[in-house]
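Engineer:
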Amino acid sequence: MCFKKGIKLKMELLEGKEVAENLQKNFIERIEKIKKEKNIIPKLAVLGISGDKASEIYIKKIEKNCIKYGIEFILKMASTQEEFKENIKVRKVTSIMFQEPLPKNIANLINEIPAKQDVEGIGIQNMGKLMLDKKDALIPCTSRAVIETIDFYNIDVAGKEVVIVGRSNIVGKPLIPQLLKKNATVTICHSKTKNLAKILKQADIVIMAIGKAKFLKADMIKDNSILIDVGINYEEGKIVGDIDFEDVKQKVKAITPVPGGIGKVTNAVLISNIISSCECN
Ligand code: NDP
């Protein structure tokens, strides 16, 4: 296994900042090209149902990021499901994002917008395209952030045992085709997995995405494994991942931190997807 940075420490920190900066390098150029050649100004609409404080903070972050790159931004928070249904008829936007939490019947309305506007890549069409390795698939941002991190740090997953814990539509499931494409041997675990401890012990690379603070401990992994922590949890006023960083750090070859890991990259991937949604217009 080789990394971009020299391995001086026993454990390497796979920081998201550098991955995100690398992704952001061509954003301005790509946006200028769209404006010039297609006469399109990227515009994101975030649609949600009001009332969730945590998502309001997240939306503010997205808005700030959009403004930074000259992407227009509108927020439509509905008070009722009926109002939400009206809001998805929003016109003159290039990109649409549904802000969770949403009732399932409302979340499913993502399939009523054109696939090229579904910048989170969570609709049926984009998921199908991802499965079939179509070039114009918009890929769920967090799953893509994991792959971007793997690529940036030159982590060779071919032939490796990669265990994903968590089977959500935004992380675990879309990671399967992306890792298979890289010739990894992929195992996916979830809350009903019976022999999780045994499976984890065999993993060269573990990707944790379950939303349980500090769940993964040193005694659950093998020596020199690589750990990718997608989890974002709040514990005693602090953000922590699904991995007990302090407990595992002496045992691993490399690990993503929380905060400052996959979350940072996810924000950059969202902007990249917004730009892609205009490029394929
Ligand atoms: P979901 O709640 O949608 O899915 C959680 C998954 O974890 C489910 O598949 C569930 O299994 C599984 N799971 C729960 N408990 C266990 C357990 N004890 N053992 C094994 N599997 C378990 O979560 P998300 O995918 O939306 O998010 C996961 C985490 O990632 C959260 O902390 C979230 O905040 C974070 N996140 C981070 C992002 C980032 O940018 N870094 C972006 C999005 C999410 P089952 O299916 O059987 O219920």
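Residue -16 is where the sequence shown starts when you use the working numbering, and the numbers rise one by one after that.
Quick reminder that beta carbons are idealized off the backbone N, C-alpha and C, glycines included.
From a predicted model like this one, the values you see are computed outputs, not experimental measurements.
(1) What are the start and end residues of the beta strand (DSSP E) that includes Thr77?
(2) Indicate, with yes or no, if the ligand NDP has a heavy atom lying under 8 Å from the CB of Thr125.
(3) Going by CA-CA distance only, name the one from Leu162, Ile188, Ser151 that's closest to Ser174.
(4) DSSP three-state label for Cys261, please.
(5) Within 10 angstroms of the Cβ of Cys263, are there 16 or more other Cβ atoms? Answer buried if so, exposed if not.
(6) So what does DSSP say about Leu158, is it helix, strand or coil?
(7) Is Ala201 a contact residue of the ligand NDP, with contact defined as CB to any heavy atom under 8 Å?
(8) Taking all protein chains shown into account, decide if Thr63 is buried (16 or more other Cβ within 10 angstroms of its Cβ) or exposed.
(9) For Ile71 and Met60, I'd like the C-alpha separation in whole angstroms.
(10) For the ligand NDP, which residues have a Cβ under 7 Å from at least one heavy atom, in chain order?
(11) So, Ala196 versus Gly214, is the Cβ gap smaller than 9 Å?
(12) So who's on the other strand from Gly31, going by DSSP bridges?
(13) Assuming Leu85 and Val146 are in contact, meaning their beta carbons sit under 8 Å apart, how far apart are those beta carbons, in whole angstroms?
(14) Along the chain, where does the alpha helix (DSSP H) containing Tyr41 start, and where does it finish?
(15) Short check: CB of Ala237 to CB of Met(-6), under 9 Å?
(16) In the structure shown, what three-state DSSP assignment does Leu(-4) receive?
(17) Exposed or buried, Lys75, counting other C-beta atoms within 10 Å across all chains shown (16 or more means buried)?
(18) Exposed or buried, which one is Gly246 when buried takes at least 16 other CB atoms within 10 Å?
(19) Quick check on Val235: does DSSP put it in helix, strand or coil?
(20) In the DSSP assignment, find the unbroken alpha helix (DSSP H) run with Thr132 in it and report its ends.
Structural biologist: Checking against the coordinates, here is how it stands:
(1) Here the question's residue 77 lines up with position 94 in the sequence shown. Unbroken run through Thr77: none, as it is neither H nor E.
(2) To locate residue 125, count along the sequence shown from 1; it is residue 142. Within the cutoff, so yes.
(3) Position 191 of the sequence shown, counting from 1, holds the residue named residue 174. Ranking the options by Cα distance to Ser174, first place goes to Ser151.
(4) Here residue 261 refers to the residue found at position 278 when the sequence shown is read from its first residue. In the structure shown, Cys261 sits in a helix (DSSP, three-state: H, G or I).
(5) Here residue 263 is taken as the residue at index 280 of the sequence shown, counted from 1. It is exposed - the Cβ of Cys263 has fewer than 16 other Cβ atoms within 10 Å.
(6) Walking along the sequence shown from the start, residue 158 turns up at place 175. Leu158: helix per DSSP, three-state reduction.
(7) Here residue 201 is taken as the residue at index 218 of the sequence shown, counted from 1. Not under cutoff, so the answer is no.
(8) Within the sequence shown, residue 63 is the residue found at index 80, counting from 1. Exposed, because fewer than 16 other Cβ atoms sit within 10 Å of the Cβ of Thr63.
(9) Translated into positions along the sequence shown, residue 71 becomes position 88. Translated into positions along the sequence shown, residue 60 becomes position 77. Approximately 11 Å, taken between the alpha carbons.
(10) Thr125, Ala128, Val148, Gly149, Arg150, Ser151, Ile153, Val154, Gly155, Cys172, His173, Ser174, Lys175, Thr176, Leu179, Ala192, Ile193, Gly194, Lys195, Phe198, Val213, Gly214, Ile215, Asn216, Asp225, Ile245, Gly246, Thr249
(11) As a first step, residue 196 is located in the sequence shown; it is residue number 213 there, counting from the start. As a first step, residue 214 is located in the sequence shown; it is residue number 231 there, counting from the start. Result yes, Cβ atoms of Ala196 and Gly214 sit closer than 9 Å.
(12) Sequence index remark: in the sequence shown, residue 31 carries index 48 (1-based). Beta-bridge pairing links Gly31 to Met60.
(13) Working through the sequence shown from its first residue, we reach residue 85 at position 102. Working through the sequence shown from its first residue, we reach residue 146 at position 163. About 30 Å separates the two Cβ atoms, so there is no contact after all.
(14) Counted from its first residue, the sequence shown places residue 41 at position 58. Here the alpha helix (DSSP H) through Tyr41 covers 36 to 51.
(15) One-based indexing of the sequence shown puts residue 237 at position 254. One-based indexing of the sequence shown puts residue -6 at position 11. Contact: yes.
(16) Along the sequence shown, one-based indexing puts residue -4 at 13. Here Leu(-4) sits in strand by DSSP.
(17) Within the sequence shown, residue 75 is the residue found at index 92, counting from 1. By the neighbour-count rule (16 or more Cβ atoms within 10 Å), Lys75 is not buried but exposed.
(18) The residue given as residue 246 occupies position 263 in the sequence shown. The residue in question, Gly246, is buried, as its Cβ has 16 or more Cβ neighbours within 10 Å.
(19) What you label residue 235 is simply residue 252 of the sequence shown in a count that begins at 1. Coil, per DSSP.
(20) Numbered from its first residue, the sequence shown carries residue 132 at position 149. Thr132 -> alpha helix (DSSP H) spans 124 to 135.
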